[in-house]
Amino acid sequence: MALRLIEIVIPSGSVDDLFDQCDDEHILDRWAQPIGDDTSLIRMLVNAEKTEALMDPLQDHFSSLQPFRVMLLPVEATLPRPKPVESTKRSNGEGNSPERIGREELYADIAESAELSRVFAAEVVIATLVAAVGLMRNDTAIIIGAMVIAPLLGPNMSLCLATTLGDWNLVFKSLRTNAVGLSIALVASLVVGVCFAIDPNGDAIRSRTEVGMGDIVLALASGCAGVLAFTTGAPSALVGVMVAVALLPPFAVFGLLLAVGEFDSAKGALLLTATNVICVNLAGVLTFLAQGVGPRTWWETERAKKATRLAILTWVVLLGILVVLIHLATDAP
Numbered sequence: 000m001a002l003r004l005i006e007i008v009i010p011s012g013s014v015d016d017l018f019d020q021c022d023d024e025h026i027l028d029r030w031a032q033p034i035g036d037d038t039s040l041i042r043m044l045v046n047a048e049k050t051e052a053l054m055d056p057l058q059d060h061f062s063s064l065q066p067f068r069v070m071l072l073p074v075e076a077t078l079p080r081p082k083p084v085e086s087t088k089r090s091n092g093e094g095n096s097p098e099r100i101g102r103e104e105l106y107a108d109i110a111e112s113a114e115l116s117r118v119f120a121a122e123v124v125i126a127t128l129v130a131a132v133g134l135m136r137n138d139t140a141i142i143i144g145a146m147v148i149a150p151l152l153g154p155n156m157s158l159c160l161a162t163t164l165g166d167w168n169l170v171f172k173s174l175r176t177n178a179v180g181l182s183i184a185l186v187a188s189l190v191v192g193v194c195f196a197i198d199p200n201g202d203a204i205r206s207r208t209e210v211g212m213g214d215i216v217l218a219l220a221s222g223c224a225g226v227l228a229f230t231t232g233a234p235s236a237l238v239g240v241m242v243a244v245a246l247l248p249p250f251a252v253f254g255l256l257l258a259v260g261e262f263d264s265a266k267g268a269l270l271l272t273a274t275n276v277i278c279v280n281l282a283g284v285l286t287f288l289a290q291g292v293g294p295r296t297w298w299e300t301e302r303a304k305k306a307t308r309l310a311i312l313t314w315v316v317l318l319g320i321l322v323v324l325i326h327l328a329t330d331a332p
């Protein structure tokens, strides 16, 4: 796991109290220096998975002080190389940190991707156009180019995180961004379908109008992969392809087929899109829970439990309905 540098601005009289609150086994190195009248700057070098265990107590004990601010910075490398810290509690099965980055870093990374902006809209248009051209040409390389852009990755991951944390503001923001992104993708694919000749029997298009159990497995794996990439701090592009393949291409097919009047085939593409969105979100929420991601305070925890149960129940019910529809579509002559 990567290293992080925690910087804390705090009144000088509280420095000793701060060090008492910190578990030394989480800290690779630390420094303190005065930076003004009765103000000090504390720096702590820690492993990324230890940041949550350090920052939560700091927030609990010192947030009412003035001045007080905690900043988390990535560390590319340091010399001499830090020695690994062995936990004295590990033999008892206690004190183990989750193998992920801290909650606040995770929230900052993911919540930003739920913002509705002109850049996001442009990325959706570009990715849809690239995917549409690749679908029309049956060119897998071009379709992969659209997958790498992966504009719908962020809003879906932020929806999973918001559900896990019980953050309703982020839930509504993520749903809005998802809805706008899908609407833009639909309009862009419709325009392409009207302006260019579309062969509805092309392999790339036809393969995305049929839904099977394998597609459900793919979407579930995509949701897990997306969450694991974020929680371990890996670049999202590494799994953007997996998530994008489950979201944008079939929806682009839906718009292209609508434009040429292939309504029956368009229903299959829409069913595949709906199945994948549900599976990605269900797997994402479950993976966040398995990674131990949760709110900081007990009252937020109770709210998050209710939101998570509601979301899981909703996704499972919708998935069950879609499975029935898939079987009916498969059995239909």
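Residues 0 to 332 in numbering that gives the first Met the number 0 are what the sequence shown lists, from first letter to last.
Think of the CB as a built atom: it goes at the ideal place given N, C-alpha and C, for glycine as much as any other residue.
Check whether residue i and residue j have beta carbons under 9 angstroms apart
i: residue 176; j: residue 154; result: yes
i: residue 282; j: residue 220; result: yes
i: residue 130; j: residue 245; result: no
i: residue 272; j: residue 222; result: no
i: residue 259; j: residue 183; result: no
i: residue 284; j: residue 307; result: yes
i: residue 205; j: residue 249; result: no
i: residue 321; j: residue 256; result: no
i: residue 1; j: residue 47; result: yes
i: residue 105; j: residue 292; result: yes
i: residue 218; j: residue 277; result: yes
i: residue 165; j: residue 304; result: yes
i: residue 344; j: residue 232; result: The structure shown does not extend to residue 344, since the chain is modelled only from 0 through 332, so no value can be given for it.
i: residue 290; j: residue 247; result: no
i: residue 201; j: residue 146; result: no
i: residue 188; j: residue 119; result: no
i: residue 78; j: residue 10; result: no
i: residue 295; j: residue 58; result: yes
i: residue 169; j: residue 113; result: yes
Span of the alpha helix (DSSP H), counted from its first residue to its last, around residue i
i: residue 280; result: 262 to 289
i: residue 162; result: 152 to 164
i: residue 194; result: 167 to 194
i: residue 63; result: Unbroken run through residue 63: none, as it is neither H nor E.
i: residue 133; result: 117 to 136
i: residue 252; result: 247 to 258
i: residue 223; result: 212 to 230
i: residue 204; result: 202 to 205
i: residue 19; result: 14 to 20
i: residue 108; result: 102 to 110
Supposed contact pair residue j and residue i - C-beta distance, whole angstroms, cut 8 angstroms
i: residue 51; j: residue 3; result: In fact, because the Cβ distance is near 11 angstroms, the residues do not count as touching under 8 angstroms.
i: residue 185; j: residue 173; result: So it is not a contact: roughly 19 angstroms between Cβ atoms.
i: residue 38; j: residue 8; result: 7 angstroms
i: residue 28; j: residue 73; result: 16 angstroms between Cβ atoms; not a contact.
i: residue 126; j: residue 148; result: 4 angstroms
i: residue 274; j: residue 214; result: 6 angstroms
i: residue 267; j: residue 203; result: Not a contact, Cβ separation roughly 14 angstroms.
i: residue 229; j: residue 109; result: 6 angstroms
i: residue 192; j: residue 151; result: About 20 angstroms; that fails the 8 angstroms criterion.
i: residue 337; j: residue 20; result: The structure shown does not extend to residue 337, since the chain is modelled only from 0 through 332, so no value can be given for it.
i: residue 26; j: residue 14; result: Not confirmed; about 14 angstroms, so no contact.
i: residue 40; j: residue 5; result: In fact, because the Cβ distance is near 11 angstroms, the residues do not count as touching under 8 angstroms.
i: residue 128; j: residue 61; result: Wrong, their Cβ atoms sit about 50 angstroms apart, outside the cutoff.
Chain D contact for residue i (CB, 9 angstroms cutoff)
i: residue 32; result: The structure shown contains no chain D, having only a single protein chain.
Start and end residues, beta strand (DSSP E) containing residue i
i: residue 143; result: That residue, residue 143, is in no beta strand (DSSP E); its alpha helix (DSSP H) goes 139 to 148.
i: residue 72; result: 68 to 74
Bridge partners - residue i, DSSP secondary structure assignment
i: residue 8; result: 40, 68
i: residue 30; result: 42
i: residue 53; result: Bridge partners of residue 53: none, in fact.
i: residue 35; result: 38
i: residue 2; result: 46, 74
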